[in-house]
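Structure, as structure tokens:
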Amino acid sequence: MDWRREDHPFADLLARRKSEIEARWRDRVRTEGADGTAVLEGALSDYLDGLARTLSHPHAIEEEAQVWIESAHEHAVTCGESFDVHAVIHQLELLRQVILELAIEEGELAQDEIVRAFDVPIEATVADYVRARDREARLSEAEHICFLTHELRNPLAVATLAAAQLRRMGLPSPAQARAAELIERSLSRLRTLIESAAPVEPWRA
Amino acid sequence: MARVMIIDDERDLTEICTLVLEAAGHEVECWHPGEPVVASLMAFRPDVVLLDWILGPVRGAHVLGMIGHDLRVVVMSALHGVEAMARSLGAVGFLPKPFVPEELIAAVESALYAEPDARNA
Chain A
0 MDWRREDHPF ADLLARRKSE IEARWRDRVR TEGADGTAVL EGALSDYLDG LARTLSHPHA
60 IEEEAQVWIE SAHEHAVTCG ESFDVHAVIH QLELLRQVIL ELAIEEGELA QDEIVRAFDV
120 PIEATVADYV RARDREARLS EAEHICFLTH ELRNPLAVAT LAAAQLRRMG LPSPAQARAA
180 ELIERSLSRL RTLIESAAPV EPWRA
Chain B
0 MARVMIIDDE RDLTEICTLV LEAAGHEVEC WHPGEPVVAS LMAFRPDVVL LDWILGPVRG
60 AHVLGMIGHD LRVVVMSALH GVEAMARSLG AVGFLPKPFV PEELIAAVES ALYAEPDARN
120 A
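Set out below in structure tokens:
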């Protein structure tokens, strides 16, 4: 489908000068990016096509934002790195600047649509990043608690058995017997605490 | 009285379990890390085996897979979610850590008198 329409000059601009936009963006990322890595390189062409469709059909703007997020995820998996939200947002901003500069060169004064078209993917990227970080933190915490409860159970088993065995063997004085009883009670409380804090182990069916 | 072999790499735990079971009248032998497990079992010929699930690099699950259908094995573990897996490999009992002496003794005696058709395939 031909997205060039007279009443959507930016959509037409994106279609006509797509190669130039891509070249300028890569150059901008190389000189102004944190490490020169074009995080969103793989999705750039698709995104520009999607952006043109969005400008022609404003109701589709939120759907097109997903392209950037998926590209950033894919890149992170390939590189074995965490999802770098700062790189994604910075490179989206650079793309917005490139397109606005071209629009100004062509004498276009109404830039609001371009600005708004980038606000949605940036907001969606940040929201997705926050959700991903939150999931990671919760998983890390659960794994840590699981490890801790496992490691505590072995020495607790030894102490519990030893204290109970002392009592069963019969201690010579009431004070010693009382001390052993206190040890057993405290260990029982520890056991209850650990079991109440223990998360469901991931391998449990 | 039963012949019980304890297979666990936690030395303090095997020592206290030995004290408890010997006080209850059982004969106890402990596996020593580094020794071949199956050879140790064949030398002692236990009536009941107390087997730790993790067991360091040896892996209790692997040992259970080898002996679970020939010997009466009670799996001990700080991992409370592995009972179903242990029983599917032939364990006749499961003892979640930590446990008190009465639980240990009951687990050994229950395993000793487990009916052959009560052992899980």
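Protein sequences, first through last, are from chains A and B.
Under numbering that gives the first Met the number 0, think of the first position of the first sequence as 0, with each following residue one higher.
Under numbering that gives the first Met the number 0, think of the first position of the second sequence as 0, with each following residue one higher.
Virtual Cβ for every residue (Gly too), placed ideally from N, Cα, C.
| Is any beta-carbon of chain A found at less than 8 angstroms from that of B:Glu9? | yes
| Given that B:Cys29 touches chain A, what residues does it touch there, using C-beta distances under 8 angstroms? | Residues of chain A passing the Cβ test: none, with the nearest at roughly 14 angstroms.
| task | Look at the Cβ atom of B:Gly89, then the Cβ atom of B:Leu54, and state whether they are nearer than 8 angstroms. | result | no
| said: I want to see whether chain B comes within less than 8 angstroms of A:His149, judged by CB atoms only; does it? | reply: yes
| Bridge partners - B:Val48, DSSP secondary structure assignment | B:Met4, B:Val72
| said: Please classify A:Ile111 as buried or exposed, where buried requires at least 16 other C-beta atoms within 10 Å of its C-beta. | reply: The residue you asked about is not Ile; residue 111 of chain A is Asp in the sequence shown. So A:Asp111 counts as exposed.
| query | Does B:Asn119 have its Cβ less than 8 angstroms from a Cβ in chain A? | reply | In this prediction, B:Asn119 scores a pLDDT of 47, lower than 50, which makes its location untrustworthy; the coordinate-derived value is nonetheless stated afterwards. Cβ-Cβ to chain A under 8 angstroms: no for B:Asn119.
| task | Would you kindly work out how many angstroms separate the C-alpha atoms of A:Cys78 and A:Ser139, rounded to a whole number? | result | Caution is warranted here: a pLDDT of 45 is assigned to A:Cys78, below 50, making its placement in the model unreliable, and no coordinate value can be reported.
| field | Start-to-end residues for the alpha helix (DSSP H) that takes in B:Leu94 | value | Where B:Leu94 is concerned, there is no enclosing alpha helix (DSSP H), although the beta strand (DSSP E) it sits in stretches over 92 to 95.
| field | First through last residue of the alpha helix (DSSP H) which encompasses B:Val27 | value | Counting along the chain, B:Val27 falls outside any alpha helix (DSSP H), though it belongs to the beta strand (DSSP E) covering 26 to 29.
| query | Taking only beta-carbon atoms, is A:Ala179 less than 8 angstroms away from chain B? | reply | no
| said: Quick check: the Cα distance between A:Leu155 and A:Ala42, rounded to an integer number of angstroms? | reply: 54 angstroms
| field | Option nearest B:Glu102 by Cα separation, candidates B:Arg10, B:Asp7, B:Leu49, B:Met65 | value | B:Leu49
| said: So the candidates are B:Pro45, B:Ala77, B:Trp30, B:Trp52; which of them puts its Cα closest to the Cα of A:Glu150? | reply: B:Ala77
| Per-residue burial, A:Asp133 [other beta carbons within 10 Å of its own, 16 or more giving buried] | exposed
| Interface residues of chain A facing B:Phe98 [CB-CB closer than 9 angstroms] | Ala156, Thr159, Leu160
| field | Min CB distance A:Ala14 to chain E below 8 angstroms | value | Here the protein chains are A and B, and chain E is not one of them.
| request: Quick one: which residues of the region 129 to 142 of chain A get their C-beta closer than 9 angstroms to a C-beta of chain B? List them in chain order. | output: none
| query | If you draw a straight line from the C-alpha of B:Ala22 to the C-alpha of A:Leu170, how long is it? | reply | 15 angstroms
| According to the neighbour-count rule (16 or more other Cβ atoms, all chains shown, within 10 Å of its Cβ), is B:Tyr112 buried or exposed? | exposed
| message | So, for A:Leu189: in the same chain, excluding its five sequence neighbours on each side, which residues have a beta-carbon less than 7 angstroms away from its beta-carbon? | response | Leu155
| request: Would you mind giving the Cβ-Cβ distance between B:Val91 and B:Arg71, rounded to the nearest angstrom? I have them listed as a contact below 8 angstroms. | output: 5 angstroms
| message | Is there a Cβ of chain A sitting closer than 8 angstroms to that of B:Ala77, yes or no? | response | yes
| Along the region 18 to 42 of chain B, what residues have a CB closer than 8 angstroms to any CB found in chain A? | Leu18, Val19, Ala22
| How would you label A:Thr148, buried or exposed, when you count the other beta carbons within 10 angstroms and need 16 or more for buried? | buried
| Cβ-based neighbour list, A:Ala163, same chain, cut-off 7 angstroms, excluding 5 preceding and 5 following | Glu183
| Among A:Met168, A:Val114, A:Ala197, A:Gln96, which residue has its Cα nearest to the Cα of A:Phe146? | A:Ala197
| said: Taking CB distances under 8 angstroms as the criterion, tell me whether B:Leu12 reaches chain A. | reply: yes
| request: Kindly indicate which residue of A:Arg130, A:Gln175, A:Leu99 has the alpha-carbon position closest to the one of A:Arg16. | output: A:Leu99
| field | Which listed residue (A:Glu19, A:Val87, A:Ala178) has its alpha carbon closest to that of A:Asp127 | value | A:Val87
| message | Quick check on A:His149: does DSSP put it in helix, strand or coil? | response | helix
| Which of the residues in the region 92 to 110 of chain A, read from start to end, lie with their CB under 7 angstroms from any CB of chain B? | none
| field | Inter-residue spacing [alpha-carbon to alpha-carbon] between B:Lys96 and A:Val129 | value | 38 angstroms
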